[in-house]
Amino acid sequence: MAEPWLAWTAAFQEMAGRIGWIAPPHIDSTGTPKVDDRHHAGELMAASLVRLRDRTRPPVRWWSRP
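Have a look at this one:
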């Protein structure tokens, strides 16, 4: 019989109210806790766009400003 998935409601501040889970050892042998972001696609998209913008924006040279 396969090990059950462990799940709980996350209580830490930035993820409060979301579902936390740990996959069974045959799926994730490290037992790393994860948070389900599936139903918060808008937040994931916003974070991705910020990372993309920061990666493509030229660096600011503070020392050469007039």
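The numbers in our numbering rise by one with no breaks, and the one at position 66 of the sequence shown is 1071. Backbone N, C-alpha and C fix where the C-beta goes; we use that ideal spot for every residue, glycine too. Quick caveat, the model's predicted, so the values are computed rather than measured.
Find the nearest neighbour of residue i within the set the options, judged by alpha-carbon distance.
{"i": "A1021", "options": "D1041, P1030, R1062 and S1034", "result": "D1041"}
CB-CB under 7 Å to residue i, same chain, minus the five flanking residues each way: which ones, in chain order?
{"i": "W1026", "result": "W1010, L1011, A1012, K1039 and D1041"}
{"i": "P1052", "result": "What sits at residue 1052 in the sequence shown is Ala, not Pro. Cβ within range, chain order: n/a, list empty."}
Leaving out the 5 sequence neighbours to the left and right, which residues in its chain are closer than 8 Å to residue i when beta-carbon positions are compared?
{"i": "I1024", "result": "A1012, W1013, T1014, A1015, V1040 and D1041"}
{"i": "G1047", "result": "none"}
Between the alpha carbons of residue i and residue j, how many angstroms are there, rounded?
{"i": "R1066", "j": "R1060", "result": "16 Å"}
{"i": "V1055", "j": "H1031", "result": "35 Å"}
{"i": "T1037", "j": "P1064", "result": "35 Å"}
{"i": "R1043", "j": "S1034", "result": "22 Å"}
Going by the DSSP bridge assignment, what does residue i pair with across the sheet?
{"i": "W1013", "result": "G1025"}
{"i": "V1055", "result": "Answer is none; V1055 lacks a bridge partner."}
{"i": "V1040", "result": "G1025"}
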